[in-house]
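The next block holds one structure in the form of structure tokens; read it before the comments.
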Amino acid sequence: MKCWSYTCAELPPKGVNTLGISLARIDYAPNGGLNPPHFHPRATEILLVLEGTLYVGFITSNPNRLISKVLNPGDVFVFPIGLIHFQFNIAKTNGVAIASLNSQNPGVVTIANATFGTNPPINPDVLAKAFQLDKQVVKNLQAKFGGSNN
Numbered sequence: 244m245k246c247w248s249y250t251c252a253e254l255p256p257k258g259v260n261t262l263g264i265s266l267a268r269i270d271y272a273p274n275g276g277l278n279p280p281h282f283h284p285r286a287t288e289i290l291l292v293l294e295g296t297l298y299v300g301f302i303t304s305n306p307n308r309l310i311s312k313v314l315n316p317g318d319v320f321v322f323p324i325g326l327i328h329f330q331f332n333i334a335k336t337n338g339v340a341i342a343s344l345n346s347q348n349p350g351v352v353t354i355a356n357a358t359f360g361t362n363p364p365i366n367p368d369v370l371a372k373a374f375q376l377d378k379q380v381v382k383n384l385q386a387k388f389g390g391s392n393n
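Below, the structure is given as structure tokens:
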């Protein structure tokens with residue numbers, strides 16, 4: 244996945260700065276290009292599919308219900324502020340989408356990176372218990388995501 248994001252100061256016309264919007268073009272590889280589970284702490288996102296077929300979804304707050312849909316070119320989907328969401332290209336061709344967010348500074352927290360790639364790393368005992376995983380599995384995940392816990 245490639246993502247080109249633009250702040251309002253970078254968008255033409257320059258006058259949109261301070262209006263509380265941002266924009267990103269997301270390119271997805273064929274057969275499984277993924278924008279992994281993440282959330283924006285300060286913005287709602289609207290996604291417009293230009294090319295490809297995307298399986299998208301978000302998870303509601305407790306009771307953690309998945310809301311998902313398959314999108315084709317021209318389809319639009321909204322991801323509410325602060326909810327974990329993802330996009331996955333199920334087409335055999337490249338996918339392209341435009342995302343707009345209602346904040347100049349929406350922030351992004353990618354779940355796997357934030358959980359297993361922190362520096363300093365979260366104690367593996369904590370994650371092993373939270374995810375019901377063997378401690379060695381947690382250490383392997385931390386190594387994969389850049390956490391240094393050896």
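The opening residue of the sequence shown carries number 244 in this note's numbering; numbering runs sequentially from there. Note that the Cβ used here is the ideal one computed from N, Cα and C, for glycine as well.
Assumed close pair residue i, residue j - CB separation to whole angstroms, cut-off 8 Å
| i | j | result |
| --- | --- | --- |
| F359 | Q379 | In fact, because the Cβ distance is near 13 Å, the residues do not count as touching under 8 Å. |
| T353 | P323 | The Cβ separation is near 18 Å, so there is no contact. |
| G338 | E294 | 6 Å |
Distance between residue j and residue i (C-alpha atoms, nearest Å)
| i | j | result |
| --- | --- | --- |
| N366 | V381 | 9 Å |
| N348 | A342 | 14 Å |
| N345 | G389 | 31 Å |
| A252 | L376 | Reliability fails at A252, whose pLDDT of 46 lies under 50, so the model's placement of it is uncertain and the value that follows must be treated cautiously. Rounded to whole angstroms, A252 to L376 spans 44 Å at the Cα level. |
| I327 | S304 | 9 Å |
| L266 | P316 | 18 Å |
| S311 | F301 | 7 Å |
| A272 | V299 | 15 Å |
| N274 | V351 | 25 Å |
| V319 | G325 | 19 Å |
| N362 | G276 | 27 Å |
| I269 | L370 | 31 Å |
Burial state of residue i (16 or more Cβ within 10 Å)
| i | result |
| --- | --- |
| P364 | buried |
| L314 | buried |
| D368 | exposed |
| T261 | exposed |
| A373 | exposed |
| N278 | buried |
| N307 | exposed |
| L290 | buried |
Residues bridged to residue i (per DSSP)
| i | result |
| --- | --- |
| G300 | S311 and F329 |
| N278 | Q330 |
| V381 | BP columns for V381 are empty, so no partner. |
| L290 | F320 and A342 |
| T353 | H281 |
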